[in-house]
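Here the structure is laid out as structure tokens; the discussion comes afterwards.
In this note's numbering, the protein residues as written are 104 to 338.
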């Protein structure tokens, strides 16, 4: 098994020898270079402050989480932008966050597979996703889509109550042919979540996931599975 991440020192407690953190770091041995690769339903967490009328206008249930249609999500988002109600836009997604955190903590490369808007507006949600992801996370293999990626809206009322609206967009449109075998073959692990196979009929994400697993099996790459929550199994 290949072990990713840079180990800059081998001492973690005070020793008599010179501080290993001050020693010159030896160049990486290219033969030992590895990375972590993950597949995710790419989505953006969008936080905004709204009034009660906003919640009612979009047919949401205060304090609850609902899935909304793409056209409703776009209208909702545009109103938030138009009225300058958005407070934060973060890169979300279970595996996307895992790849980001790994690259930050290990100071090493990770690779994220998924979809991304082909047309990115400066300052928009897709732009914020890219800006807020670690530069050590390789996003070059994302598949372009004509439309929105996933959006999870957190709408905070004046009373502080949070209402959630989720729009899948095209986050499940990752195709099997967009899975690069060479990236899987050189990885130390393939990281997945069970949510990848919970899609609408005809969406290609489950097939893309199985293609990645097949490549991992072919090249003896361990597969790490995040099983999700209990709701996943009750459904």
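The beta-carbon is built from N, C-alpha and C at its ideal position, and this holds for glycine as well.
Using alpha carbons as the reference points, say which of 284, 195, 323, 272 lies closest to residue 303.
-> That would be 272, whose Cα lies nearest to the Cα of residue 303.
Report the three-state DSSP secondary structure of residue 296 (helix, strand or coil).
-> Residue 296 falls in the strand class under three-state DSSP.
With distances taken Cα to Cα, identify the nearest neighbour of residue 203 among 220, 242, 168.
-> Each of 220, 242, 168 was checked against the Cα of residue 203, and the nearest Cα belongs to 242.
Proximity below 8 Å, CB of residue 139 to CB of residue 260 | Not closer than 8 Å, so no.
Same chain only: Cβ atoms within 6 Å of residue 248, ignoring 5 sequence neighbours per side = Setting aside the 5 residues that flank it on each side, residue 248 is surrounded in the same chain by 218, 273, 276, each with a C-beta closer than 6 Å to its C-beta; the list follows chain order.
Touch test, the stretch 287–298 against the stretch 169–185, Cβ-Cβ under 8 Å, three pairs minimum = No: fewer than three Cβ pairs fall under 8 Å.
Could you give the distance in angstroms between the alpha-carbon of residue 223 and the alpha-carbon of residue 180?
-> Going by the C-alpha atoms only, they are around 15 Å apart.
Enclosing beta strand (DSSP E) for residue 199 [first to last residue] = The continuous stretches of beta strand (DSSP E) do not include residue 199, which lies in the alpha helix (DSSP H) extending over residues 197–209.
In terms of DSSP beta bridges, what is residue 147 paired with?
-> Partner(s): 194, 254.
Where does residue 321 fall in DSSP's three states?
-> In the structure shown, the three-state DSSP call for residue 321 is helix.
Residue range of the alpha helix (DSSP H) that residue 179 falls in?
-> First-last of the alpha helix (DSSP H) with residue 179: 173–185.
What span of residues does the alpha helix (DSSP H) with residue 288 cover, start to end?
-> Run containing residue 288: 284–288, per the alpha helix (DSSP H) assignment.
Leaving aside the five residues before and after residue 150 along the sequence, list all residues of the same chain whose C-beta is less than 6 Å from its C-beta, in chain order.
-> So the list reads 190, 191, 257, once near-sequence residues are dropped.
Would you kindly work out how many angstroms separate the C-alpha atoms of residue 161 and residue 185, rounded to a whole number?
-> CA-to-CA, the gap between residue 161 and residue 185 works out to about 16 Å.
Ordered along the chain, which non-local residues of its own chain (more than five positions away) have a Cβ less than 8 Å from that of residue 265?
-> Only 166, 257, 258, 259 meet the Cβ criterion.
Candidates 305, 280, 315: closest to residue 289 by CA position = When each option's Cα is compared against that of residue 289, the closest is 315.
From residue 327 to residue 254, what does the alpha carbon distance come to, in whole angstroms?
-> Cα to Cα, residue 327 sits roughly 25 Å from residue 254.
Thinking C-beta only, is residue 251 closer than 8 Å to residue 306?
-> For residue 306 and residue 251, no; Cβs fall outside 8 Å.
Give the DSSP bridge partners of residue 240, in chain order.
-> Note: residue 240 sits in a beta bridge opposite 213.
Reducing DSSP to helix, strand and coil, say where residue 233 ends up.
-> It is helical.
Alpha carbon to alpha carbon, how far is residue 196 from residue 154?
-> Rounded to whole angstroms, residue 196 to residue 154 spans 27 Å at the Cα level.
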